[in-house]
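Take a look at the structure below.
So this is what it looks like as C-alpha cells:
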C-alpha cells in the first residue's frame with residue numbers, strides 16, 4: 009500500500025475539516041430557518057441536537073477514517089468482520105457526495121456571479137422588484153448559470169489537482185482566514201446600523217412562544233428542522249468528513265478534534281446571523297423570508313447602505329469562500345474515492361470526476377429553465393437532489409456509521425473506543 013498523505017499540521021486538518029462543514033448550510037440555510045422558527049429559541053434546540061447527535065457522529069466518521077486509512081470507498085472493507093456486507097456503505101457515500109455537488113456547485117455559481125454583479129454596481133438604485141428581476145433573469149439564462157457552475161467546478165478541481173498539502177490544505181487555510189476577517193468586518197458594520205438592536209434581541213433572546221405559534225405541529229416542524237440542520241451543517245453520514253480522518257496521525261484523540269471542528273462550524277453559523285438579523289431589522293425586512301433573502305432582499309438592502317456596493321461585494325465574497333471551502337473538501341473526497349477504489353492516479357481522477365461533475369450539474373440548471381415543467385411530488389430537480397441528500401442519505405448514512413461502530417455485527421464498540429481514545433486530548437467515556 010502506498011504511503012497515506014498526511015496534513016502538514018493539526019491546524020490544517022481543523023481548517024479543512026471545518027471548511028467542509030462550513031458552507032452554505034451555515035451562512036445561507038441556517039439564518040433563514042432560524043428566522044422562520046423564532047430566532048434564539050430555535051438556536052438552543054439546534055445546539056442541543058448538535059451536541060447529542062452531531063459531535064458523536066462526527067467522531068465516528070473521523071475514527072473510521074483514521075483506523076482504516078481509507079476513504080469511504082474502502083474503509084468498511086478494511087474494518088468489517090469477515091463475511092459481512094458493511095462495505096455497501098461506499099455507494100451511499102459515492103451517490104451522496106455526487107448528489108450534493110450536483111446542486112451545490114450550481115448555488116456556489118450563483119454566489120460567485122453575485123459577487124461580480126455587486127462589485128460592478130448592478131444593484132445600484134434598484135428596488136426590491138427590480139432586484140428580484142435580476143435574480144429571475146439569471147435563473148432563466150441556462151448559459152449564464154452553466155458557465156458559472158463550470159467555473160466553480162474547474163476552480164475546485166484545479167485546487168485538488170495540486171494535492172492534499174499544496175492544494176487543499178494551503179488554499180483552504182488562506183480562504184478560511186480571509187472568510188473570518190470578512191465576517192468580522194461585516195458584523196461590525198451590521199451591528200452599528202440604526203435599529204440593529206432589535207435584530208440582535210430577536211437573534212439572541214429566546215422566545216419559545218414563537219415556536220408554538222402554530223401549536224404542536226409548529227413545534228414539531230421546528231424540532232425536525234433543528235435536527236436536520238445538525239446533520240446538514242456537519243456534512244455527516246456520506247463519508248465527506250471520514251476522508252480527513254484518514255489523513256490523521258495517532259497523536260491526538262478524535263473527540264477533541266471533532267469538538268474543535270464542531271465549535272468552528274457553529275461559531276461561523278452564529279456569526280453569519282450577527283450580520284443578517286441586524287441588517288434585516290434595520291431595514292424592516294422579514295428574516296424568515298426564505299432562500300430569496302440572500303439573492304433578492306439583501307442586495308436591495310446593501311444598495312441602500314452607505315458604501316453598500318463594498319459591503320455587498322464583501323458579503324458575497326464571504327458566501328463564495330464558504331461555498332468553496334465545502335466544494336474543495338467534497339471534491340477531495342470524490343477524487344480520493346476513485347483513487348482508493350480503482351488505484352488510478354491523482355490527475356486521472358481529477359479529469360474523470362471533473363468532467364462527470366460538470367455533466368451531472370447540468371440537470372439542476374436546466375430544471376430552472378428548459379426542464380422547469382419536470383417535478384416529482386411538486387419538487388424541482390434541485391429540490392429533489394437536496395431532499396435525497398439532506399432528508400435521506402445523511403441520516404441513513406449516519407445510522408449505518410452508528411450501528412457499525414456500536415454493535416458486534418460491525419466493527420464493534422471496543423474497537424471504536426480503542427481507536428477514538430488513542431493519543432492525547434479529550435477522552436470519550438463508555439457512558440456516552
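In the working numbering, the protein residues as written are 9 to 440.
No residue lacks a Cβ here, since even glycine has one placed at the ideal position from N, Cα and C.
Counted within 10 angstroms of its Cβ, other Cβ atoms place residue 268 as buried (16 or more) or exposed: It is buried - the Cβ of residue 268 has at least 16 other Cβ atoms within 10 Å.
Can you give me the C-alpha to C-alpha distance between residue 125 and residue 201, rounded to a whole angstrom? 24 Å
Let me check you understand the geometry: is the CB of residue 170 closer than 6 Å to at least one non-hydrogen atom of the ligand ATP? Annotation note on the ligand ATP: not contained in the displayed structure, which lists no ligands.
For a test of the three-state rule: what should DSSP assign to residue 387, helix, strand or coil? Strand, per DSSP.
For residue 260, write down the residues that DSSP places opposite it in a beta bridge. 432
Starting from residue 214, trace the alpha helix (DSSP H) both ways and give me its first and last residue. Residue 214 -> no alpha helix (DSSP H), and no H or E assigned at all.
Assumed close pair residue 38, residue 334 - CB separation to whole angstroms, cut-off 8 Å: Taking 8 Å as the upper bound for CB-CB distance, residue 38 and residue 334 are not in contact here, some 13 Å apart.
For the alpha helix (DSSP H) holding residue 188, just list the boundary residues, first then last. It spans 178-199 - the alpha helix (DSSP H) in which residue 188 sits, taken as one unbroken run.
Does the pairing of the region 414-429 with the region 43-62 give three or more beta-carbon distances under 8 Å? no
Considering only the beta carbon of each residue, do residue 181 and residue 431 sit closer than 7 Å? Going by C-beta atoms, residue 181 is not nearer than 7 Å to residue 431.
Secondary structure at residue 416, three-state DSSP: helix, strand or coil? coil
Let me know the secondary structure DSSP gives residue 93 once reduced to three states. In the structure shown, the three-state DSSP call for residue 93 is coil.
For residue 442 and residue 286, I'd like the C-alpha separation in whole angstroms. No information on residue 442 is available, as it lies outside the stretch 9 to 440 that the chain covers here.
Quick check: residue 369 and residue 114, are their CB atoms within less than 7 Å of each other? yes
C-alpha gap between residue 261 and residue 12, whole angstroms: 19 Å
Would you report the Cα separation of residue 22 and residue 172, rounded to the nearest angstrom? 14 Å
What is the rounded straight-line gap between the Cα of residue 293 and the Cα of residue 208? One alpha carbon belongs to residue 293, the other to residue 208, and they sit about 14 Å apart.
Whole runs of the alpha helix (DSSP H) within the region 21-95, excluding any shorter than 4 residues: 38-44, 48-57, 63-76, 83-87
Report all residues from its chain with a CB closer than 7 Å to the CB of residue 168; omit the five preceding and five following residues, and keep chain order. 175, 176, 336, 339, 340, 343, 358
Can you tell which of 300, 95, 413, 161 has the C-alpha that lies nearest to the C-alpha of residue 362? Looking only at 300, 95, 413, 161, the smallest Cα-Cα distance to residue 362 is reached by 161.
My understanding is that residue 389 touches residue 379, with C-beta atoms under 8 Å, so please give their C-beta distance in whole angstroms. 7 Å
Closest by CA to residue 399, which one among 232, 47, 145, 130? 232
Nearest-angstrom Cα distance between residue 396 and residue 107? 8 Å
Continuous alpha helix (DSSP H) stretch holding residue 361: start and end: 354-374
Cα-Cα separation between residue 323 and residue 17, rounded to whole angstroms: 30 Å
Using 10 angstroms around the beta-carbon of residue 353, count the other beta-carbons present and answer buried if the total reaches 16, otherwise exposed. exposed
Does residue 300 get closer than 7 Å to chain C when you measure Cβ to Cβ? Among the protein chains of the structure shown there is no chain C, as only one such chain exists.
Apply the 10 Å Cβ neighbour rule to residue 94 and answer buried if 16 or more other Cβ atoms are within range, or exposed otherwise. buried
Boundaries of the alpha helix (DSSP H) in which residue 13 is found, first to last residue: Segment: none, residue 13 is in no alpha helix (DSSP H) and carries neither H nor E.
Going by other Cβ atoms of all chains shown within 10 Å of its Cβ, with 16 needed for buried, is residue 144 buried or exposed? exposed
Please report how far the alpha carbon of residue 291 lies from the alpha carbon of residue 239, in whole angstroms. Approximately 32 Å, taken between the alpha carbons.
Pick helix, strand or coil for residue 341, following the three-state DSSP scheme. helix
Helix or strand or just coil, what does DSSP make of residue 132? coil
Would residue 253 pass as a contact of residue 73 if the rule is Cβ separation under 7 Å? yes
Under three-state DSSP, which class holds residue 331? In the three-state reduction of the DSSP assignment, residue 331 falls in the helix class.
Does the Cβ-Cβ distance between residue 97 and residue 413 come in under 7 Å? no
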